[in-house]
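Residue numbering for the sequence shown follows this note's numbering, beginning at 6 and increasing consecutively.
For glycine and all other residues, C-beta sits at the position ideal for the given N, C-alpha and C.
All values reported here derive from a predicted model rather than from experimental measurement.
Data first, discussion second: the structure below is written as structure tokens.
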Amino acid sequence: ERSFHVRCVKDDIDAKKTRSQWKCRDCRSSSSHGSVNSSSSTALTKDFLVRVLEDFKAEVFGEMKSFKTEMMSLSTSVQFLSDKMDTSNALMQDIRTELTDLKKENEDLREKTTSLASEVYALKDKVRSLEQYTRNSNIEISGVPVTAREVVTDIVHDVGAALGIELQQSDIAAAHRIPSYNRERTPSIVVQFQSRVTKDTWISKFREVRSLTASQLDHFNFVSNATFKLRYLINDTYWSPKSDSPIFFYTGNEGDITLFAQNTGFIWEIAPDFKALIVFAEHRYYGESLPFGNKSRDPEHLGYLSSSQALMDYVELIAELKQTNHDRKHPVIVFGGSYGGMLAAWMRMKYPATVAGAIAASAPIWQFTDMTPCDVYNRVLTSAFSMASRRCSSNIRRSWAAINNVTKTDGGKTWLNNTWKLCKPVTTAENVTALKDYLSDLYSNLAMVNYPYPSTFLADLPAYPVKAFCEHLRYEDLDGEKLLTALFGGVSVYFNYTGKAKCLDYSGAYQQSLDDSLWQYQACTEMVMPMCANGKYDMFEPSEWNLTEFSEKCYKTYKATPQPWLVKNLYGGKHISTASNIIFSNGLLDPWSGGGVLRNVSATAQAIIMPESAHHLDLRSKNPADPISVTTARKFYIYIIHGWISH
6 ERSFHVRCVK DDIDAKKTRS QWKCRDCRSS SSHGSVNSSS STALTKDFLV
56 RVLEDFKAEV FGEMKSFKTE MMSLSTSVQF LSDKMDTSNA LMQDIRTELT
106 DLKKENEDLR EKTTSLASEV YALKDKVRSL EQYTRNSNIE ISGVPVTARE
156 VVTDIVHDVG AALGIELQQS DIAAAHRIPS YNRERTPSIV VQFQSRVTKD
206 TWISKFREVR SLTASQLDHF NFVSNATFKL RYLINDTYWS PKSDSPIFFY
256 TGNEGDITLF AQNTGFIWEI APDFKALIVF AEHRYYGESL PFGNKSRDPE
306 HLGYLSSSQA LMDYVELIAE LKQTNHDRKH PVIVFGGSYG GMLAAWMRMK
356 YPATVAGAIA ASAPIWQFTD MTPCDVYNRV LTSAFSMASR RCSSNIRRSW
406 AAINNVTKTD GGKTWLNNTW KLCKPVTTAE NVTALKDYLS DLYSNLAMVN
456 YPYPSTFLAD LPAYPVKAFC EHLRYEDLDG EKLLTALFGG VSVYFNYTGK
506 AKCLDYSGAY QQSLDDSLWQ YQACTEMVMP MCANGKYDMF EPSEWNLTEF
556 SEKCYKTYKA TPQPWLVKNL YGGKHISTAS NIIFSNGLLD PWSGGGVLRN
606 VSATAQAIIM PESAHHLDLR SKNPADPISV TTARKFYIYI IHGWISH
């Protein structure tokens with residue numbers, strides 16, 4: 006019987022089949038070695054054990070050498086991959102650095118491009134101003150029929166005589182007809198006078214005899230027939246009266262109508278394509294449309310100042326404009342911004358037989374009792390400053406306490422008067438309140454006219470005036486007098502951007518063309534818009550809305566009692582699902598957007614949201630710096646107006 010080593014057979018039971026594969030030389034051999042347990046077996050001799058151990062050692066060393074070789078190869082591979090990874094990381098870091106640099110360069114280029122666009126616009130504006138200056142002695146006479154062998158200067162003399170002006174031949178520098186691109190329109194006559202005084206006299210006389218519309222003083226009184234002269238501006242340069250060309254009608258705001266005619270370029274830009282008649286109607290009691298002349302502001306004469314009366318003024322004016330062409334449709338599209346936008350929307354709702362459609366820009370028709378929370382306006386306003394600089398709004402919030410603290414002492418008041426260059430020194434608590442009210446109005450105005458280019462609507466301002474203001478309040482360590490000094494730098498952006506102001510007049514933050522005092526009367530009667538602040542989610546001193554206190558103040562000033570729900574009852578509040586053909590546009594930089602219509606209310610009464618737009622930017626003239634949301638909105642208005650007119 007054959008014996009084998011345990012090392013050879015422990016994993017192989019079928020010894021006969023696999024013995025040739027065993028590594029032990031003695032066990033592989035075919036000769037018999039006898040039992041491995043026998044004392045005479047070679048498997049148990051010293052030499053045999055030595056050979057076995059040597060075989061095993063050689064085998065282990067061989068395997069270890071092979072393993073070492075494999076490990077060295079693996080190590081080389083790992084090192085190669087590690088080197089490649091280091092190289093890749095270095096390349097990635099270089100790419101990140103280059104990308105960061107490119108982003109910065111791109112941002113710098115974008116800022117430079119915006120700045121250059123603003124500069125180009127400013128230069129163009131200067132060129133326009135210079136061109137206008139060269140025309141400051143010119144007038145245009147329209148509507149005089151062309152006759153054979155006419156002498157234009159003789160026509161000018163005849164028109165002057167009709168106005169009660171005795172002209173000398175030497176008063177006229179030049180006079181000629183200008184070509185008309187509209188065959189249906191009589192070419193106008195342009196006259197250049199030798200003196201600006203002659204031109205001003207001509208215009209003054211024209212205003213005296215010009216046919217202003219005689220509007221009913223009280224449209225809702227069947228007994229009184231009293232009237233007053235309502236001013237309106239009209240331009241028929243592109244008008245095609247023998248066709249169904251539309252009338253573009255601007256519903257005047259709380260101010261001189263010329264201000265809105267100068268700042269509503271969108272109407273002027275699209276009128277040629279529509280061959281539209283352009284009309285800007287002045288709101289009663291504002292500008293030159295004064296029912297009681299210089300006494301119109303007296304409380305006893307203010308009872309006829311209301312939105313309802315103003316809307317009927319516009320309805321009657323439109324009827325008068327259309328009566329000479331009653332055989333033509335001449336659809337009327339009304340435009341308005343802010344309060345004018347509210348009037349435009351309400352006019353379409355109340356008088357759809359007169360108005361075919363309305364573009365109501367930045368119209369807060371829901372900024373009334375029980376429609377919008379009283380703190381929304383100030384929260385949206387605060388967000389505009391926070392977006393410009395995250396520290397800006399927090400510094401403004403802390404500035405109220407700084408003003409209160411510094412004005413506690415006479416020395417502090419003197420410091421503030423000198424540092425802020427106040428026209429009227431702060432000496433009383435009433436002065437301090439007036440100064441803080443001025444600042445609140447200033448912040449509102451900055452947010453409303455936060456346009457991407459320089460503007461002069463409410464004041465002479467740079468592009469993005471909120472950002473320019475906040476540049477002075479971007480630091481975190483501002484406090485006390487240091488904070489107020491920085492704040493004055495920001496305030497100067499609004500009241501003294503041109504550098505011409507010698508002192509800060511805090512009696513009012515509004516341009517004279519906007520009549521804040523008369524608007525306050527409207528706010529005390531029907532335009533009751535609750536406002537409040539908590540000083541936590543906004544940047545203002547905490548103030549609650551108190552209708553009782555507000556009513557007492559209004560009665561003391563105007564002998565009038567507010568009617569908070571009148572607008573809702575007159576125009577429907579939020580229940581306007583039957584409204585049609587109205588565009589409600591709002592810019593989210595505008596604090597009034599919180600009280601605006603931000604959703605579609607019907608299939609054709611639609612909301613347009615412009616995230617980068619301030620107060621009725623979409624109605625202004627186009628500018629290279631306009632955000633894409635505004636340019637897109639204007640294109641949509643043109644498309645919509647075509648649809649309204651065709652129907």
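The Cβ neighbour count for residue 633, taken over all protein chains shown within 10 Å, is under 16; the residue is labelled exposed.
For residue 143, the enclosing beta strand (DSSP E) covers residues 143 to 146. Taking 8 Å as the cut-off, the Cβ atoms of residue 261 and residue 298 do not count as close. For residue 324, the enclosing alpha helix (DSSP H) has its first and last residue at 312 to 327.
Here residue 336 has 251, 361 and 650 as same chain residues with Cβ atoms under 6 Å from its own Cβ, once five neighbours each way along the sequence are excluded. Proximity to residue 399 across 154, 313 and 544 peaks at 544, based on C-alpha coordinates.
Our two residues, residue 218 and residue 239, have alpha carbons roughly 12 Å apart in a direct line. When the beta-carbon positions are compared, residue 587 and residue 353 come within less than 8 Å of each other. Remark: C-beta atoms of residue 602 and residue 371 approach each other more closely than 8 Å.
When DSSP states are grouped into helix, strand and coil, residue 576 belongs to the helix group. Annotation: residue 193 to residue 373 spans about 48 Å, alpha carbon to alpha carbon. Contact between residue 648 and residue 619 does not hold, since their C-beta atoms are separated by about 28 Å, which reaches or exceeds 8 Å. When the beta-carbon positions are compared, residue 185 and residue 142 stay at least 8 Å from each other. Judged by DSSP in its simplified three-state form, residue 460 adopts strand. Within the same chain, Cβ atoms closer than 7 Å to the Cβ of residue 206 are found at 170, the five residues on either side in sequence being excluded.
If you ignore the 5 residues before and after residue 464, its C-beta comes within less than 6 Å of the C-beta of 499, all in its own chain and listed in chain order. Counted as a single uninterrupted DSSP element, the stretch harbouring residue 599 is not any alpha helix (DSSP H), since DSSP gives it neither H nor E. The beta carbons of residue 338 and residue 253 sit closer together than 8 Å.
With three or more CB-CB distances shorter than 8 Å, the segment 339 to 352 counts as touching the segment 312 to 324.
Its Cα nearest to that of residue 144, the residue 208 stands out among 112, 93, 176 and 208. The beta-carbon separation of residue 439 and residue 511, rounded to 6 Å, stays under the 8 Å limit for a contact.
Contact between residue 255 and residue 285 is confirmed by a C-beta separation of about 4 Å, below the 8 Å threshold. Between residue 388 and residue 397 a beta carbon distance of about 11 Å is seen, past the 8 Å cut, so the two are scored as non-contacting. DSSP places residue 471 within a helical segment (H, G or I) once states are collapsed to three.
Within 10 angstroms of the beta-carbon of residue 478 lie 16 or more other beta-carbons, which makes it buried. Taking C-beta separations shorter than 7 Å and ignoring five residues to either side along the sequence, residue 580 has no partners in its chain. Separation of the CB atoms of residue 322 and residue 235 is rounded to 7 Å, and the pair is thereby assigned contact status at 8 Å. Along the length of the segment 151 to 212, whole beta strand (DSSP E) runs at least 3 residues long occupy 177 to 182 and 194 to 198, reported in chain order. Residues 547 of the same chain have their beta carbon placed closer than 6 Å to that of residue 539, with the five preceding and five following residues left out of the count. In this model, residue 71 and residue 83 are separated by some 18 Å (Cα to Cα). Distance from the CA atom of residue 383 to the CA atom of residue 121, rounded to whole angstroms, is 33 Å.
Annotation: the continuous beta strand (DSSP E) that includes residue 283 extends over 282 to 286.
Under DSSP, residue 427 forms a beta bridge with 509. Per DSSP, residue 372 is not a residue of any alpha helix (DSSP H), being assigned neither H nor E. The C-beta distance from residue 259 to residue 344 rounds to 6 Å, short enough to fall under 8 Å. Only buried fits residue 628, as 16 or more other CB atoms lie within 10 angstroms of its CB.
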